[in-house]
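Take a look at the structure set out below.
Number of protein chains: 2
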Amino acid sequence: MSECLSQGEITKALENLSGWNLEEGKLHKVFVFKNFIQAFGFMTQVAIVAEKRNHHPEWSNVYNKVVVDLVTHDAKEGGAITEKDIKLAEFMERAAG
Amino acid sequence: MSECLSQGEITKALENLSGWNLEEGKLHKVFVFKNFIQAFGFMTQVAIVAEKRNHHPEWSNVYNKVVVDLVTHDAKEGGAITEKDIKLAEFMERAAG
Numbered sequence: 048m049s050e051c052l053s054q055g056e057i058t059k060a061l062e063n064l065s066g067w068n069l070e071e072g073k074l075h076k077v078f079v080f081k082n083f084i085q086a087f088g089f090m091t092q093v094a095i096v097a098e099k100r101n102h103h104p105e106w107s108n109v110y111n112k113v114v115v116d117l118v119t120h121d122a123k124e125g126g127a128i129t130e131k132d133i134k135l136a137e138f139m140e141r142a143a144g
Numbered sequence: 048m049s050e051c052l053s054q055g056e057i058t059k060a061l062e063n064l065s066g067w068n069l070e071e072g073k074l075h076k077v078f079v080f081k082n083f084i085q086a087f088g089f090m091t092q093v094a095i096v097a098e099k100r101n102h103h104p105e106w107s108n109v110y111n112k113v114v115v116d117l118v119t120h121d122a123k124e125g126g127a128i129t130e131k132d133i134k135l136a137e138f139m140e141r142a143a144g
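Sequence lines, in order, name chains A and B. Throughout the first sequence, residue numbering follows this note's numbering, covering 48 to 144 in sequence. Throughout the second sequence, residue numbering follows this note's numbering, covering 48 to 144 in sequence.
Shown next as structure tokens:
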């Protein structure tokens with residue numbers, strides 16, 4: 048089981064994550080890239096790290112856009128935000144440059 | 048401009064595409080894989096071909112699932128199914144094994 052973050056902890060983490068917000072209980076961001084190569088290159092970097100950490104995003108892609116939702120399913124019924132989500136969001140920020 | 052397929056042509060193409068159907072004017076399929084590595088491996092194969100053909104899917108992924116929608120945006124306002132979509136669906140079938 049992963050430990051759920053409090054609302055205060057989530058709010059504090061979001062202050063350091065540009066463009067992210069809490070939507071339907073998930074960490075949400077729309078990334079916009081120059082083109083598909085950039086967008087899918089970003090996804091590939093994230094995919095490898097997600098698999099390595101065994102913590103995978105919910106995401107969709109249309110051409111240069113990647114919409115991401117992060118939540119930890121094993122934290123509680125229906126899912127909750129944990130440190131794993133914050134850390135994956137931070138990695139995504141670095142990967143997106 | 049790509050040439051729109053007629054309803055009859057789409058129906059005929061769908062007969063040879065297992066698990067695909069027309070949903071909101073798009074070729075739609077949910078692919079289910081063994082795990083994330085298989086799912087993202089599939090996406091990577093498709094991404095390279097999509098970029099090469101300059102015809103990109105709308106798709107989402109959660110762990111072992113990939114939901115795909117194919118439509119040709121430049122065929123007419125709002126998009127339409129063209130041969131490009133059928134060919135990309137056929138490639139996806141081969142890539143998914």
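Using N, Cα and C, we set each Cβ at its ideal position, and we do this for glycine too.
What does the Cβ neighbour count give for residue i, buried or exposed, with the cut at 16 atoms within 10 Å?
i	result
D121 of chain B	exposed
V113 of chain B	buried
L74 of chain A	buried
K59 of chain A	exposed
G126 of chain B	buried
K76 of chain B	buried
V79 of chain B	exposed
Would you mind giving the Cβ-Cβ distance between residue i and residue j, rounded to the nearest angstrom? I have them listed as a contact below 8 angstroms.
i	j	result
A143 of chain B	Y110 of chain B	At roughly 16 angstroms, the Cβ-Cβ gap does not stay under 8 angstroms, so A143 of chain B and Y110 of chain B are not in contact.
L61 of chain A	E130 of chain A	No, L61 of chain A and E130 of chain A are not in contact; Cβ-Cβ is about 14 angstroms, not under 8 angstroms.
D116 of chain A	E124 of chain A	Not confirmed; about 18 angstroms, so no contact.
K118 of chain A	G72 of chain A	Note on identity: in this sequence residue 118 of chain A is Val, with Lys being the wrong assignment. So it is a contact: roughly 6 angstroms between Cβ atoms.
Please list, in chain order, the chain B residues whose beta carbon lies closer than 7 angstroms to that of residue i.
i	result
N108 of chain A	W106
I want to verify the contact list: residues of chain A whose CB lies under 7 angstroms from the CB of residue i, in sequence order.
i	result
T91 of chain B	T91
F87 of chain B	A94
Going along chain B in order, which residues have a C-beta closer than 8 angstroms to the C-beta of residue i?
i	result
A143 of chain A	Those do not exist, as A143 of chain A stays about 17 angstroms from chain B at its closest Cβ, beyond 8 angstroms.
I84 of chain A	E98
For residue i, go through chain A and note every residue whose CB falls closer than 8 angstroms to its CB, in chain order.
i	result
H103 of chain B	F83, V109 and Y110
Contact between the segment 126-134 of chain A and the segment 99-109 of chain B (3+ Cβ pairs under 8 angstroms): no
Cβ contact (3+ pairs, closer than 8 angstroms) linking the segment 77-96 of chain A and the segment 87-102 of chain B: yes
Completely contained beta strand (DSSP E) runs for the segment 70-121 of chain B, where each covers 3 or more residues: 73-79, 105-109 and 112-117
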